[in-house]
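Before any comments, here is the structure.
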Amino acid sequence: MDNNITEYKMKIIKSNRRTMSATIKDGIVVVRAPLRIADKEIMRFLQEHESWILKNLAKYQEMEKQMGEPLKLEEIKELAEKAL
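Letter by letter, the sequence shown follows residues 16 to 99 in my numbering.
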């Protein structure tokens, strides 16, 4: 097994569940795991799913680029006035 893990932000949530899952939320990898699972098993899970994680992080980053900067309050007010 390769011990190289790509660096990315990660949050591990352990709860009363039977299986592990990984999701991407706001550019952070969220791993949900059973309470009694060893950290070593979580790292193995991440390595096994690394290609999926990297692919979906890239999609998130691309989507974030396309969205641009959020509107400022003044810009929102201006647009609201124009719409009325």
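For every residue, glycine included, the Cβ atom is placed at its ideal position computed from N, Cα and C. Source: prediction; values computed, not measured.
Asked: Find the nearest neighbour of R51 within the set I43, K29, S36, H64, judged by alpha-carbon distance.; Found: K29
Asked: When you compare only the Cα positions, how much space is there between F60 and I39?; Found: 15 angstroms
Asked: Tell me whether I52 sits in a helix, a strand or coil according to DSSP, three-state version.; Found: coil
Asked: Please identify the residue among P85, A98, I27 whose C-alpha is closest to the C-alpha of A53.; Found: I27
Asked: Give the list of continuous alpha helix (DSSP H) stretches no shorter than 4 residues that lie fully inside the stretch 51 to 83.; Found: 54 to 63, 65 to 82
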